[in-house]
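Residue numbering for the sequence shown follows the numbering used here, beginning at 379 and increasing consecutively. For glycine and all other residues, C-beta sits at the position ideal for the given N, C-alpha and C. Since the structure is predicted, the reported quantities are computational estimates derived from the model, not experimental observations. Reading through the structure tokens given below for one structure.
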Amino acid sequence: MTSPKKPTKKTLIPARFVFVLLGFFGFFNVYAMRVNLSVAIIAMVKATNTSNTTDSNAAIACPELLEDEKYDDISSKNISRLTGEFEWDSKVQGVVLGAFFYGYVITQVPGGLIAEKYGAKWLFGIGMLLTSLVTLLTPLAARWSVWALVVVRVIEGLGEGVAFPAMNTLIGQWAPRLERSRIASFIYTGSNLGTVGTLAASGALSNSTFLGGWPSVFYICGALGCVWFVLWALLIFETPESHPRISSEELAYIREGRENKARPPTPWKLILTSIPLWALVIAHTGQSWGFYTFFIQMPMYLSNILHFDLNKNGVLSALPNLMLSIVSIIAGIFADMIRSSGKLGITNIRKVFNTIGFFGPALCLIAVSLSGCQPMLIVILLSLAMGLNGFAYAGFIVTHVDMSPDFAGTLYGITNFFSNFTGFLVPAYVGFIMEEGQTVKNWGTVFITASVILMVTSIVYDIFCSAEPQPWGKDDEKKSMKMKPAVIYDPDMCTKM
């Protein structure tokens with residue numbers, strides 16, 4: 379085990395800022411390599427295998443958008459859609475899009491355990507490097523066989539499955555208590571901006587001749603991931619105590635309110651019988667259902683229902699994620715300000731922000747289902763939905779660290795394990811609903827389902843979850859939190875505003 383380094387007096391850039399910045403770009407790459415296929419697959423697959431290529435306008439959703447000159451600048455006539463290389467039907471496309479999550483769920487719980495026991499820095503870094511390398515091989519695998527591509531996507535999922543558990547463990551080590559919300563929000567906002575940039579760029583790259591068109595999407599994402607790994611390996615350290623250049627002042631600030639003693643054994647029985655934890659599992663699963671409805675299916679919806687072309691599809695798929703990025707940062711800062719003021723307990727802060735982050739998108743999706751064929755209104759509502767979801771980043775997402783900084787990786791591994799079954803359940807559900815055709819009514823059913831799930835799981839979180847340090851968490855952390863009653867309230871007082 380590395381011995382603690384002697385802290386220096388002053389540094390130009392605080393060590394935790396470097397951690398936060400590379401954490402941000404790490405998650406930028408995590409999601410870039412996860413979402414690149416969502417738009418690229420539209421260019422990869424032959425137009426004859428899409429669901430809306432037909433000579434009958436009666437079989438096309440919103441046919442008036444194909445005829446109305448008002449939308450000529452944003453609509454695709456589908457005649458000009460790129461001719462792809464692969465003859466994959468809708469079922470095969472669903473398998474390819476969902477394959478990532480088969481690997482992703484496997485490494486959730488092991489990722490948290492390994493991060494806490496052996497260290498999170500190298501776990502996160504090596505997982506990213508593995509994903510980057512196989513991303514570079516994606517075009518080769520796709521041209522070899524569709525099942526080779528499926529294997530590549532499963533391996534990518536295995537590599538990225540450790541990302542959130544490992545990062546939650548690192549945040550527990552590096553984030554001062556009163557900065558947890560903003561640090562977590564900023565780092566995880568990298569995932570949103572990675573989604574934004576990749577979706578927007580994927581459409582343009584796939585429609586170009588650069589490096590062969592759609593293969594360039596995977597070459598660029600994989601290369602960026604490899605560059606990031608080098609910086610991460612050189613500049614990041616497991617704990618503040620092991621950093622050779624951290625200042626004495628910063629180290630003291632980070633360590634305030636916590637003791638650096640040996641990590642206690644994982645209290646599995648107490649964790650797995652904790653009602654607040656299972657409420658957190660339910661909330662995380664509900665969030666993931668709604669998120670993957672956007673994440674995986676939006677490019678198909680924009681193409682098949684609203685008839686946006688490939689370039690516009692990428693940009694408009696990215697817009698809601700941009701809103702999510704902006705709001706999540708603001709929400710994290712606002713939550714920390716409220717917590718510092720002592721006007722509201724931590725459990726109430728998490729529940730208020732989480733309720734906004736779940737009910738806001740749910741209401742927007744209901745409105746989308748009632749909006750018919752109005753492209754501009756629908757894009758605005760989808761963007762608003764994802765923006766409001768940003769409040770959840772100061773809600774349930776950071777609750778894992780609130781409950782127990784020492785076991786944050788394990789807790790996130792547990793909740794993320796269950797929640798990411800939705801990664802392949804959502805495509806399967808959408809495929810089942812769309813068996814009768816890509817229609818406005820059928821997509822309305824998809825959106826209403828997501829709305830109901832978001833609202834129900836939010837209510838469960840509000841009733842049963844707690845952001846207080848749990849009895850099975852680290853005793854020293856629990857005691858230190860009790861020393862500040864103006865900020866942290868007793869769980870029994872969670873309804874006091």
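| Asked | Found |
| --- | --- |
| Could you check the C-alpha separation between T547 and K819 for me, to the nearest Å? | 43 Å |
| Restricting to runs no shorter than 4 residues, where is the alpha helix (DSSP H) found entirely within the stretch 460-514? | 468-484, 486-496 and 499-514 |
| Which partner residues does V423 have in the DSSP bridge list? | F464 |
| Exposed or buried, V396, counting other C-beta atoms within 10 Å across all chains shown (16 or more means buried)? | buried |
| Can you name the start and end residues of the alpha helix (DSSP H) that H778 belongs to? | F774 to M781 |
| Leaving out five residues before and five after I683 in sequence, what residues of the same chain have Cβ atoms less than 7 Å from its Cβ? | A439, C440, Q816, V818 and W821 |
| Sorted by chain position, which residues of the same chain lie with C-beta nearer than 8 Å to I711's C-beta, five sequence neighbours on each side aside? | S559, R560 and S563 |
| For Y670, verify whether its CB is less than 6 Å away from any heavy atom of the ligand MG. | You won't find the ligand MG in this model; it holds no ligand whatsoever. |
| For I420 versus L688, is the C-beta distance shorter than 7 Å? | yes |
| Can you tell me whether E538 is buried or exposed, with buried defined as 16 or more other CB within 10 angstroms of its CB? | buried |
| Beta-carbon within less than 6 Å of A578's beta-carbon, same chain only, minus the 5 sequence neighbours each way: which residues are those? | G692, V693 and A696 |
| Would you say L700 lies against chain C (beta-carbon separation less than 7 Å)? | No chain C is present in this structure, which holds just one protein chain. |
| Evaluate contact between the stretch 475-484 and the stretch 528-543, counting only Cβ atoms and requiring at least three cross-stretch pairs below 8 Å. | yes |
| Straight-line CA distance for I549 to V779? | 8 Å |
| Please say whether L832 and G591 have beta carbons closer to each other than 7 Å? | no |
| Can you tell me where the alpha helix (DSSP H) holding H662 begins and where it ends? | I653 to N682 |
| Buried or exposed for S453, going by 16 or more other Cβ atoms inside 10 Å? | Residue confidence for S453 is low, a pLDDT of 43 falling below 50, so the modelled location carries little weight; the figure read from the coordinates is stated next. So S453 ends up on the buried side. |
| Using the Cβ count rule (16 or more neighbours within 10 Å means buried), how would you classify W522? | exposed |
| If T587 sits next to N414, beta carbons under 8 Å apart, how far is it from one beta carbon to the other, in whole angstroms? | Not really, about 18 Å apart at Cβ, beyond 8 Å. |
| Give the secondary structure of V804 by DSSP, where H, G and I count as helix, E and B as strand, and everything else as coil. | helix |
| Residues bridged to F402 by DSSP? | Note: F402 sits in no beta bridge, so no partner. |
| Report yes if the CB atom of I614 is closer than 7 Å to the CB atom of K495, and no otherwise. | no |
| Could you check which residue in T513, G787 and P698 has the C-alpha nearest to that of I756? | P698 |
| Taking S586 as part of the alpha helix (DSSP H), name the residues at either end of that continuous run. | Where S586 is concerned, there is no enclosing alpha helix (DSSP H), given that its DSSP letter is neither H nor E. |
| Taking all protein chains shown into account, do 16 or more other C-beta atoms lie within 10 angstroms of the C-beta of S626, making it buried, or fewer, making it exposed? | exposed |
| Take every Cβ of the stretch 767-776, pair it with every Cβ of the stretch 721-737, and state whether three or more of those distances are shorter than 8 Å. | yes |
| Which of helix, strand or coil does DSSP assign to E619? | helix |
| Using beta-carbon positions only, say whether I565 and F403 come within less than 7 Å of one another. | no |
| Near W552, which residues of its chain fall below 7 Å by C-beta distance, leaving aside the five closest residues on each side in sequence? | R394, F397, P618 and I632 |
| Quick check on F686: does DSSP put it in helix, strand or coil? | strand |
| Of the residues L602, S829 and T513, which one's Cα is nearest the Cα of G535? | T513 |
| Are three or more beta carbon pairs between the stretch 773-787 and the stretch 654-663 nearer than 8 Å? | yes |
| Taking all protein chains shown into account, decide if E814 is buried (16 or more other Cβ within 10 angstroms of its Cβ) or exposed. | exposed |
| Quick one: give me the first and last residue of the alpha helix (DSSP H) that V730 is part of. | I724 to S747 |
| When burial is assigned at 16 or more other CB atoms within 10 Å of the CB, is I727 buried or exposed? | buried |
| Taking the beta carbon of E628 as the centre, do at least 16 other beta carbons fall within 10 Å, making it buried, or is it exposed? | buried |
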